[in-house]
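Chemist:
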């Protein structure tokens, strides 16, 4: 039987799980206090980098990304930060939608699935 490894486990959720060579990140939301979409996006992407590294992966190994924006009008500004961050030649399949987020201060939430290794 293959082991499931969970990281940053809380009562309700884990921030990451690794199974069968795949990293599944929970929804990453802003933690750093930034209020605009650029700052919040940079915060979330830094968290993704850290969680992927802790799981033995990196952004060049992302298999799929789901981005939830509180206001789809933020997509251009979010894309500016995303485009600077994404590994050249390794842009993953991605969906971006508008959604009501759990905290009204959040402008963005990102879910990532990635392969281990890198």
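Numbering (the numbering used here), first residue to last: 15 to 132.
No residue lacks a Cβ here, since even glycine has one placed at the ideal position from N, Cα and C.
1) Once DSSP output is grouped into helix, strand and coil, what is the label at residue 90?
2) Answer yes or no: do residue 196 and residue 51 have a C-beta to C-beta separation smaller than 8 Å?
3) Let me check one thing: in DSSP terms, what residues is residue 51 bridge-paired to?
4) From residue 100 to residue 56, what distance separates their C-alpha atoms?
5) Can you tell me which of the three DSSP states residue 28 falls into?
6) Going along the chain, which residues of its own chain have a beta-carbon closer than 6 Å to the beta-carbon of residue 123, five neighbours each way excluded?
7) Quick one: Cα of residue 126 to Cα of residue 49, how far?
8) Please name the residue or residues paired with residue 8 in a DSSP beta bridge.
9) With DSSP as the reference, please indicate the residues paired to residue 23 in a beta bridge.
10) Could you work out which residue in 130, 76, 58, 65 is closest to residue 21 when comparing CA atoms only?
11) With DSSP collapsed to three states, give me the class of residue 18.
12) Does the Cβ-Cβ distance between residue 130 and residue 58 come in under 8 Å?
Modeler: In short, the structure shows the following:
1) helix
2) The requested residue 196 is not part of the displayed model; the chain covers only 15 to 132.
3) DSSP output for residue 51 lists no bridge partner at all.
4) 11 Å
5) strand
6) 41, 43, 82, 115
7) 22 Å
8) The question about residue 8 has no answer here: the residues shown for the chain are numbered 15 through 132.
9) 28
10) 65
11) coil
12) no
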